[in-house]
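Colleague: With numbering that gives the first Met the number 0, the residue at position 253 of the sequence shown is 252, and numbering never jumps. The C-beta atom is built at its ideal place from N, Cα and C for all residues, glycine as well. Quantities reported herein were computed from a predicted structural model and do not represent experimental measurements.
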Amino acid sequence: MASPFVHASAAVPSRTVGQSLLQIVPSTACLHCDICCRFPEADSFLRPFFTADEIRSAVRAGVASEMFPDAEGTQIELVPNPSGEGCLCPAFDPATSQCRMYDVRPLDCRLYPFALMWDASHTEVLLGWDTKCPYMRDLSSAPIEQAAEGTARWIEEDATLEILARYPRLIGRFQDDVMVLRPLTRVTERLRQGRLPVRMQPLTIADRRRLESALAESSGVQPLPLAAASFVFHYIWRHRLTYAWADLHGHLCLFADSPDGIFMVLPPLGTGPLVEPVAAAFRVMRERNGASSVTRIDNVPEASVAELRAGGYVVTAREPDYLYAAADLVELAGDAYRSPRAACNRFVREHGGVCEPYDLRDRPACLSLFREWSEQKERAGKDDWAKVLLEDAAGAHEAALSAYDELGLTGAVVRVQGRIRAYTMGVWLNQSVFCVLLEVADRDMVGAGAFIFREFCRQARDKGACWINTMDDSGLPSLARAKHWYRPARLLANYTVTEPRR
Ligand code: SF4
0 MASPFVHASA
10 AVPSRTVGQS
20 LLQIVPSTAC
30 LHCDICCRFP
40 EADSFLRPFF
50 TADEIRSAVR
60 AGVASEMFPD
70 AEGTQIELVP
80 NPSGEGCLCP
90 AFDPATSQCR
100 MYDVRPLDCR
110 LYPFALMWDA
120 SHTEVLLGWD
130 TKCPYMRDLS
140 SAPIEQAAEG
150 TARWIEEDAT
160 LEILARYPRL
170 IGRFQDDVMV
180 LRPLTRVTER
190 LRQGRLPVRM
200 QPLTIADRRR
210 LESALAESSG
220 VQPLPLAAAS
230 FVFHYIWRHR
240 LTYAWADLHG
250 HLCLFADSPD
260 GIFMVLPPLG
270 TGPLVEPVAA
280 AFRVMRERNG
290 ASSVTRIDNV
300 PEASVAELRA
310 GGYVVTAREP
320 DYLYAAADLV
330 ELAGDAYRSP
340 RAACNRFVRE
350 HGGVCEPYDL
360 RDRPACLSLF
370 REWSEQKERA
380 GKDDWAKVLL
390 EDAAGAHEAA
400 LSAYDELGLT
410 GAVVRVQGRI
420 RAYTMGVWLN
430 QSVFCVLLEV
440 ADRDMVGAGA
450 FIFREFCRQA
460 RDKGACWINT
470 MDDSGLPSLA
480 RAKHWYRPAR
490 LLANYTVTEP
500 RR
């Protein structure tokens with residue numbers, strides 16, 4: 000899973016497990032490589048996992064204990080790279096390009112450039128090699144096969160199997176840039192022992208109807224759904240999270256694989272009580288995540304709270320969704336709407352833009368506007384959290400603009416003298432609730448955002464929307480202010496559910 004620095008000439012490790020694991024990459028190659036132990040982002044899923052014993056050894060070797068959020072086993076926290084982009088493992092010394100705790104580096108790092116991972120359907124454990132390693136890319140298949148055979152034998156020894164069974168997060172998620180060498184049957188069998196037989200299926204565009212039907216029949220989700228109660232809300236974030244679903248007790252359960260483990264992005268969907276599917280889902284997450292605090296169910300609506308509290312679960316409120324009466328947003332009448340109305344009027348007076356349906360041919364101009372808008376926001380200054388959200392948003396906008404039709408999105412653009420100066424996309428959550436998912440407007444053109452929002456809501460109202468959901472405010476004060484500017488009729492409660500501490 001990790002991307003570690005390894006060199007064959009270092010001292011033989013003192014721990015029992017790992018003693019006979021030979022390194023395939025020579026130290027001369029590692030010392031001239033700048034791939035390992037460096038990571039593109041702080042929460043990279045490739046950062047190495049440490050077992051409880053390995054954490055104790057690392058701390059004795061001088062790594063700060065704060066780098067390990069869970070002393071019982073966790074991925075290490077990364078530190079910013081002082082002389083470049085991205086992050087470093089805190090045990091990595093950039094001055095010497097060496098691991099400061101090489102002799103006691105974790106199993107995850109010992110294995111590299113071999114990697115342990117699940118197949119795409121999470122049914123079988125595989126041994127592969129990471130094509131990010133330049134040395135391996137230049138090797139012929141014979142030495143790789145030979146080294147893989149020894150590594151596979153070592154992994155399937157009883158002592159290693161027990162470690163993997165205790166720390167299943169040592170087995171990474173499927174990566175298509177890892178070249179598969181062989182299945183590890185004994186590891187798969189050991190991990191299946193005593194576990195719930197669950198078939199996880201990767202979420203694809205073909206699952207849209209399945210998920211939408213399950214949402215429609217979930218009484219807890221309707222009649223005023225959260226924005227998360229839609230396929231597209233999740234699907235456009237596939238560049239950040241890997242989604243998979245499983246059928247548990249007749250309910251569709253949607254999971255996301257994050258760097259810290261899997262969690263549910265919605266409560267189990269379907270008809271009937273939640274007790275059994277929720278219990279099964281928590282068991283699946285515990286089996287995957289170990290003790291990781293990532294185990295949770297997000298986007299639980301108010302209607303399911305009493306049942307889950309009665310089941311002994313811990314229910315915590317998170318940022319609510321903003322819900323507006325569609326007619327209010329179209330009419331912008333009275334004193335309460337004086338400011339948005341003035342912004343719209345000014346835009347019409349000064350620019351006279353027209354609002355039209357989005358067409359795939361508008362995609363390049365919209366993406367170019369997104370870049371312009373990001374730069375405008377950058378210049379206006381943002382806090383760190385807002386910056387992260389903006390970077391993440393680029394992939395979501397790209398996905399929405401490219402596949403809006405397959406995703407069931409409705410879109411609009413505003414043109415001023417033929418140039419697109421604003422665009423927006425939304426989705427129907429049910430027949431009377433329309434959700435505005437994304438909106439970008441030229442910040443140098445006063446009122447462009449207010450104008451496209453009003454016109455988009457008008458289109459939705461004319462097609463039967465009574466309510467407009469604009470999602471939550473992500474905890475950003477500036478976004479909260481903008482959402483309150485339009486006088487929400489209701490704040491839709493949204494909860495996270497966890498298991499009680501054992
Ligand atoms: S523990 Fe050592 S080998 Fe592993 S990622 Fe950190 S610096 Fe690299």
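Assess contact between the segment 228-238 and the segment 175-187, defined as three or more Cβ pairs (one per stretch) separated by less than 8 angstroms. Is contact present?
Modeller: No contact exists between the segment 228-238 and the segment 175-187.
Colleague: Do residue 283 and residue 197 have their CB atoms nearer than 8 angstroms?
Modeller: Yes; because the gap between Cβ atoms is below 8 angstroms, this pair is in contact.
Colleague: Let me know the beta strand (DSSP E) ranges lying completely inside the segment 419-463, each 3 residues or longer, listed in chain order.
Modeller: Taking only runs of at least 3 residues, the beta strand (DSSP E) segments lying wholly in the segment 419-463 are 432-440.
Colleague: Quick one: what's got a C-beta closer than 6 angstroms to residue 413's C-beta in the same chain, skipping five residues either side?
Modeller: Correct list, in chain order: 352, 354, 420, 421 and 451.
Colleague: How is residue 267 classed by DSSP in three states: helix, strand or coil?
Modeller: In the structure shown, residue 267 sits in coil (DSSP, three-state: anything other than H, G, I, E or B).
Colleague: Using the Cα positions of residue 471 and residue 320, report the straight-line distance between them to the nearest angstrom.
Modeller: When rounded, the distance between both Cα atoms is 4 angstroms.
Colleague: Assess contact between the segment 464-478 and the segment 266-275, defined as three or more Cβ pairs (one per stretch) separated by less than 8 angstroms. Is contact present?
Modeller: Output reads no: the segment 266-275 does not touch the segment 464-478.
Colleague: With DSSP run on the structure shown, which of helix, strand or coil describes residue 145?
Modeller: The answer is helix: DSSP assigns residue 145 an H, G or I state.
Colleague: Could you give the distance in angstroms between the alpha-carbon of residue 187 and the alpha-carbon of residue 487?
Modeller: For residue 187 and residue 487, the distance between alpha carbons rounds to 51 angstroms.
Colleague: Are there 16 or more other CB atoms within 10 angstroms of the CB of residue 73, so buried, or fewer, so exposed?
Modeller: Burial call: buried.
Colleague: Using the beta-carbon count (16 or more within 10 Å), is residue 167 buried or exposed?
Modeller: Classification of residue 167: buried, given that the 10 Å Cβ count is 16 or more.
Colleague: Compute the beta-carbon to beta-carbon distance between residue 318 and residue 474, rounded to the nearest angstrom, for a pair I have assumed lies under 8 angstroms.
Modeller: The pair is a contact, with the Cβ atoms about 6 angstroms apart (cut-off 8 angstroms).
Colleague: Please find out if some non-hydrogen atom of the ligand SF4 comes closer than 7 angstroms to the beta-carbon of residue 132.
Modeller: Checking every heavy atom of the ligand SF4 against the Cβ of residue 132, none is found closer than 7 angstroms.
Colleague: Quick check: the Cα distance between residue 172 and residue 117, rounded to an integer number of angstroms?
Modeller: Their Cα atoms are separated by approximately 5 angstroms.
Colleague: Within the chosen definition, does the segment 293-304 reach the segment 215-229 through at least 3 CB pairs nearer than 8 angstroms?
Modeller: At 8 angstroms Cβ cutoff, the stretches touch.
Colleague: Apply the 10 Å Cβ neighbour rule to residue 174 and answer buried if 16 or more other Cβ atoms are within range, or exposed otherwise.
Modeller: Buried.
Colleague: What is the residue span of the alpha helix (DSSP H) that residue 110 lies within?
Modeller: Where residue 110 is concerned, the enclosing alpha helix (DSSP H) stretches over 106-110.
Colleague: List the DSSP bridge partners of residue 409.
Modeller: 425.
Colleague: Buried or exposed: which applies to residue 436, given that a residue is buried once 16 or more other Cβ atoms fall within 10 Å of its Cβ?
Modeller: Residue 436 is buried by the Cβ-count criterion.
Colleague: List the residues that DSSP assigns as beta-bridge partners of residue 490.
Modeller: Residue 490 pairs with 321.
Colleague: Ignore the nearest five residues each way along the sequence and tell me which others in residue 115's own chain have a CB closer than 6 angstroms to its CB.
Modeller: Around residue 115: 170.
Colleague: Could you compute how far the alpha carbon of residue 258 sits from the alpha carbon of residue 337?
Modeller: So the two alpha carbons sit approximately 45 angstroms from each other.
Colleague: Per DSSP, residue 87 is paired with what?
Modeller: According to DSSP, which records beta bridges pairwise, residue 87 is partnered with 37 and 78.
Colleague: Beta-carbon separation of residue 101 and residue 129 under 8 angstroms?
Modeller: Cβ atoms of residue 101 and residue 129: not closer than 8 angstroms.
Colleague: Please name the residue in 147, 55 and 213 whose C-alpha comes closest to that of residue 105.
Modeller: Selected option, being the one with the closest Cα: 55.
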